[in-house]
Amino acid sequence: MDSATLTGVMIGGAGHSGSTLLGMILSGLPGAVYVGEGAKVRYLGDMAKPLAKRACKICGDDCAFWNGFRWDPSTGLYEQVAAHSGARIVIDSSKKPDWISARAEELRAGGHEARLIVLTRDGRAVVNSRLRKYPDRDAAGQISEWMEQIEAAHALAEVFPGPVLNLAYEELATRPEETARKLAEFVGEAFEPAMLAFSAREHHPLGGNNGTQFLAARGQANGAGLKPGARSADYYRNHPDAIRLDLRWRDEFSPDHAALFEAMAGRLNHSMKWGS
Ligand SMILES: [Zn+2]
């Protein structure tokens, strides 16, 4: 690989599927930087936007990584991030197909490499996670949205101009080292134990999951202000410093929601179903 060549690793799929965890694991590759949901770079420093959208989720407005960074859209975003950080691998968990396609096109035009990881998770866990966070939202609407996002991710994978890896969150969470080795190989790098020790280093993610960010940042100087969502506070405060499969949905998903999910999405979820 040419030393000036950059690799963009983009995470596609539906939100609440473990993309923050995956991004943090990938950031342990040498020369890698995880930007979080790169699409939020457009809101950096925009005081009209809420803090969680306009700034580093861990540091807030005063972030040593993002301070002074403003994307000039006439330059490829990842090229600009690479120049800013010295990284040669940029990881982005934005997930939106249009955003991913545009970044892949920028990479191709600059003679760089584009990689796509389609991350999936048992849809029952995803929908439950969204209803936990937004209890007033309509369950059928959340199920439809998940289905549309999965279908859109598969359609994106069909036309993506580079290698694609399909990965299940449950595989990542139950066999982290084996999966990290597979991920390193997919990116064209050697496995690094640092991939699994993601809470041992600082992160500066835009957007993404508060709970996972809390776990990664609780031992870090910049992470003191971050809190998990109210309904997840006990779960994350009691979480060990290790990668562990989150199966809370099995206790939390109501029988009515489970039946509705099965009727609407049982067929689509068949290959993503974890356990019974
Ligand atoms: Zn930061």
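Numbering of the sequence shown is given in our numbering, commencing with residue 296 and proceeding in unit increments. Ideal Cβ placement from N, Cα and C applies to all residues, glycine included.
DSSP three-state assignment for residue i, whether helix, strand or coil
i, result
"residue 298", "Per-residue confidence for residue 298 stands at a pLDDT of 47, beneath the threshold of 50, marking its modelled position as unreliable; the derived number appears in the next sentence. Of the three classes helix, strand and coil, the one that applies to residue 298 here is coil, per DSSP."
"residue 384", "strand"
"residue 391", "coil"
"residue 355", "strand"
"residue 492", "coil"
"residue 516", "helix"
"residue 501", "strand"
"residue 313", "coil"
Exposure of residue i, with buried meaning 16 or more beta-carbon neighbours within 10 Å
i, result
"residue 499", "buried"
"residue 406", "exposed"
"residue 352", "buried"
"residue 430", "exposed"
"residue 343", "exposed"
"residue 392", "buried"
"residue 302", "buried"
"residue 323", "buried"
"residue 365", "exposed"
The alpha helix (DSSP H) enclosing residue i, as first and last residue numbers
i, result
"residue 370", "Careful: residue 370 lies outside any alpha helix (DSSP H) and carries neither H nor E."
"residue 540", "Run containing residue 540: none; DSSP gives neither H nor E here."
"residue 461", "Not the alpha helix (DSSP H): residue 461 falls in the beta strand (DSSP E), residues 459-463."
"residue 554", "550-564"
"residue 476", "471-482"
"residue 447", "434-454"
"residue 526", "Per DSSP, residue 526 belongs to no alpha helix (DSSP H) and is neither H nor E."
"residue 567", "That residue, residue 567, is in no alpha helix (DSSP H); it is neither H nor E in DSSP."
The beta strand (DSSP E) enclosing residue i, as first and last residue numbers
i, result
"residue 329", "327-329"
"residue 409", "408-415"
Residues that residue i bridges to, as DSSP identifies them
i, result
"residue 307", "390 and 413"
- Item | Test item, CB below 7 Å from any non-hydrogen atom of ligand 1 | Having a Cβ closer than 7 Å to some heavy atom of ligand 1 are 351, 353, 354, 358, 359, 360, 361, 499 and 517.
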